[in-house]
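Reading through the structure tokens given below for one structure.
Take a look at the structure:
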């Protein structure tokens, strides 16, 4: 039996095709002789020429400045401003990195003070993306957990933030709040109202806001839309719009592009003191520069073909087909999961993952204990061995005591997803029978 | 006046052309439809097909394992073994990273223990590559300086290592020795005899050897040859060959390829305890994976076209032309510099840089003090402003008290180098006149 791996958020690996426009431009940047070829659309050649002229020595093989290629910082900053309905964005606040995980680490280095009497704390959602917690541990900082409300579709609630912050007093010095919207692993998308409340809370408590918004292009749940923290903050007006410190993260790995292997991300830093910005530049400089291919991919994400461009029809067809797949899976996957006895799944509004809850029989929990594994990890192991489906266990992301989950990537072609759910259902029914 | 920048080791920026074979394969990997084209040589298409089939999902846009694409680890390991005359190399000891600076940092993380009563020390050459010292500082480790002997062409001497280690006793716990061969900024290349002595010293003192060998392809000084630490260690036989712990670093940024922007490097770890290797894997995993484009570039470096391959003639012509330029500059640049009054330059045997000494007039030194700058930094500033030549000051690399140097990259087309030296000479003569 072949193994189907829906444990990663890695679209190409899962069978999605790269976007033709992106790949044509990158190929022409690597081998500029292609710009002479009659095989490539005019706008592809022109874009490759513009990008190459923004690279030192006209080559993607040259180092760039530590914060990135200026031309691309400008493109990204225009993209942000368009996305946010005209809210200004400055290229000098954009730092290009080798991916959002690296950006998160570098921003954390700005915030974590190891010499202080209490360790630095960061409010972190439970469940949330594992790598963020590892980054905090690496830096000797403390995870200050706040729980998302599963019954409310994994909503983030300010009362819970307040409780978590209060509970951290005396244990650590909590200086920042990490938010991932759209959610990973939860698939939740925050409303404008929720974001406003979170910003107000951050302002009151003088917390630095880290907004991980890498799934911003993947919001297709009914009635949901993506609104950036930057936009909401700006629209809340002074004094908040000029004082709340914010870092917003994005990446070439997510969205329609899915170019994980190129390693490209950016972070926009908002409202930081000029002295802190200089320190940020020093910290980001330790990486020399972000991979040029990743930077180019971000430019193409920020500035895709538009109606009228020769590449537009193919681009539109390809992105619409990915979108149709996502819309379908976001509605359909939770529905199917909810129809399996012993599994419940919250509605999915955005991102790439669902995080259904497993109601495991007591005998299965005991069995897992005997082999020394977390029950949902043990479940995943059985699912892989018996049904050839690879998913990740909830224990990796954090969950309330006694509950169990799995995470599945739905950015997966529909026919593959059908096979995954069929195998999961058969396995799960058999599993329930065996242990009840 | 246009500025000529010979401060970086960034060949494409300096006007060198990328290798056609490398760029054709990469272009075809990005846009596999090119594999159908009749414009590309057969071996290029075949290589692109092999590389793509080694990528998950057949796309360079997929994540790879944290230590790299297995196929490329094998290629690199075969390359090492061929380079070292058959000394075995294991793919599982090769870790792919986003460049040698990142590899150095990750290996240092393996070695530095912050909880210990004394800070961790690493023996580090003076002068040497600035980024290494920054990495030590970032990790809270201590630089234990040993001085290279300028009068002996910047040779490394074991007596000096012994003195430095002795001097560090009680200040830090010195666990490793960092060597850069061929030298940066010095252009020195170590003899086999020197390497043997260094290895014996490391063994006696139980030091972990970090051999930065990124300039291994650029050794063209008369009578010099590159011999790797790995090869010498292996040929010294047991017990040393089985016990001395060694990390050897290489990169796609240096040598003929010069693909700095792609961010690709590898480190080979030798003789590490299996438990430490597992920990190494954990540390390297924090980067998710190295940029795929950088990994592909390393494969092409490890496995270039061979005689008989359709791409060979162009490849041979391009690399020979770079080699001819390097051979010329390595001999000619120090000669020209030595003919300028007040400058002396050691012979250059390898690498990309010369590091001539400046005999600055006392009045110039006083003047620099007045403006609060190191004398050679102030000299560089004047050189840039008055002659439009950008070089780096010796104070960045470390030098013995009261001496001053500059670093110039000679991996620069001959006509550019001629202009650099002409401007430098005119400026320097004028400078001497002004201050004496």
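Residue numbers (full-length UniProt numbering), protein chains in the order written: chain R, 1 to 436; chain Y, 1 to 436. Backbone N, C-alpha and C define an ideal beta-carbon position, used for all residues, glycine too.
Asked: According to the neighbour-count rule (16 or more other Cβ atoms, all chains shown, within 10 Å of its Cβ), is residue 92 (chain Y) buried or exposed?; Found: exposed
Asked: Return the CA-CA distance between residue 250 (chain R) and residue 216 (chain R), expressed in angstroms with no decimal places.; Found: 8 Å
Asked: How many whole angstroms separate the CB atoms of residue 268 (chain Y) and residue 89 (chain Y), which I take to be in contact at a CB cut-off of 8 Å?; Found: 7 Å
Asked: Do residue 182 (chain Y) and residue 218 (chain Y) come within 8 Å of each other at the CB atom, strictly closer than that value?; Found: yes
Asked: What is the residue span of the beta strand (DSSP E) that residue 210 (chain R) lies within?; Found: 208 to 212
Asked: Suppose the cutoff is 6 Å on Cβ atoms and the five residues either side in sequence are ignored; what does the same chain contact list for residue 395 (chain R) look like?; Found: 374, 376 and 377
Asked: Find out if the Cβ-Cβ distance for the pair residue 76 (chain Y), residue 47 (chain Y) is shorter than 8 Å.; Found: no
Asked: Is the closest heavy atom of the ligand ZN to the C-beta of residue 95 (chain R) under 7 Å?; Found: In the structure shown, the ligand ZN is absent, as is every other ligand, since no ligand is present at all.
Asked: How big is the Cα-Cα spacing for residue 242 (chain Y) and residue 403 (chain R)?; Found: 50 Å
Asked: Listed in chain order, which residues of the segment 291 to 312 of chain R have Cβ atoms closer than 7 Å to some Cβ of chain Y?; Found: 291, 292, 293 and 294
Asked: My guess is that residue 220 (chain Y) and residue 323 (chain Y) are in contact by the Cβ rule of under 8 Å, so how many angstroms apart are they, rounded?; Found: 7 Å
Asked: Using Cβ-Cβ distances below 9 Å, what residues of the segment 47 to 81 of chain R are close to chain Y?; Found: 55, 56, 57, 58, 59, 60, 61, 62, 63 and 64
Asked: Name, please, each residue of chain Y whose Cβ falls closer than 9 Å to the Cβ of residue 409 (chain R).; Found: Here the premise fails: no neighbours, minimum Cβ distance about 12 Å.
Asked: Inspect the CB distances between the segment 102 to 112 of chain Y and the segment 317 to 333 of chain Y and report whether three or more fall short of 8 Å.; Found: no
Asked: Extract the residue ranges of the alpha helix (DSSP H) inside the segment 90 to 152 of chain Y, only unbroken runs of 4 or more that lie entirely within it.; Found: 100 to 111 and 130 to 138
Asked: Chain Y partners of residue 259 (chain R), CB-CB under 7 Å?; Found: 61
Asked: From the DSSP output, in three-state form, read off residue 174 (chain R) for me.; Found: strand
Asked: Name the chain R residues that come within less than 7 Å of residue 288 (chain Y), Cβ to Cβ?; Found: 99 and 101
Asked: Going by C-alpha to C-alpha distance, which of R:94, R:380, R:237 and R:282 sits closest to residue 5 (chain R)?; Found: R:380
Asked: Could you give the distance in angstroms between the alpha-carbon of residue 410 (chain Y) and the alpha-carbon of residue 354 (chain Y)?; Found: 7 Å
Asked: Have a look at residue 14 (chain Y) and residue 271 (chain Y) and give me their C-alpha separation to the nearest angstrom.; Found: 39 Å
Asked: Report the residues of the segment 136 to 153 of chain R with a CB closer than 7 Å to any CB of chain Y, ordered along the chain.; Found: 138
Asked: Along chain R, which residues have their Cβ under 8 Å away from the Cβ of residue 110 (chain Y)?; Found: Chain R residues near residue 110 (chain Y): none, gap ~13 Å exceeds 8 Å.
Asked: Using 8 Å as the threshold, is the C-beta distance between residue 233 (chain Y) and residue 246 (chain Y) below it?; Found: yes
Asked: Which residues in the same chain as residue 345 (chain Y) place their Cβ atom closer than 6 Å to its Cβ, once the five residues preceding and following it in sequence are excluded?; Found: 334, 337, 338, 354 and 356
Asked: What are the uninterrupted segments assigned as beta strand (DSSP E) that are 3 or more residues long and contained completely in the segment 364 to 436 of chain Y, given in chain order?; Found: 404 to 409
Asked: At the 8 Å Cβ level, is residue 427 (chain R) part of the contact set with chain Y, yes or no?; Found: no
Asked: Please report the distance separating the alpha-carbon of residue 349 (chain R) from that of residue 189 (chain R).; Found: 6 Å
Asked: Determine the DSSP secondary structure at residue 358 (chain Y), reduced to helix, strand or coil.; Found: strand
Asked: Does residue 341 (chain Y) get closer than 8 Å to chain R when you measure Cβ to Cβ?; Found: no
Asked: Indicate whether the contact test is met: 3 or more Cβ pairs, each with one atom in the segment 383 to 393 of chain R and one in the segment 419 to 436 of chain R, closer than 8 Å.; Found: yes
Asked: Between which two residues does the alpha helix (DSSP H) harbouring residue 281 (chain R) extend?; Found: 274 to 285
Asked: Once you ignore the five residues that flank residue 35 (chain Y) on each side, which residues in its own chain have a CB closer than 8 Å to its CB?; Found: 28, 45, 48 and 49
Asked: Per DSSP, which residues does residue 247 (chain R) bridge with? Please list them.; Found: R:210 and R:269
Asked: Among all the DSSP beta bridges, which residues are the ones paired with residue 344 (chain Y)?; Found: Y:357
Asked: Any idea what DSSP makes of residue 219 (chain Y), helix, strand or coil?; Found: strand
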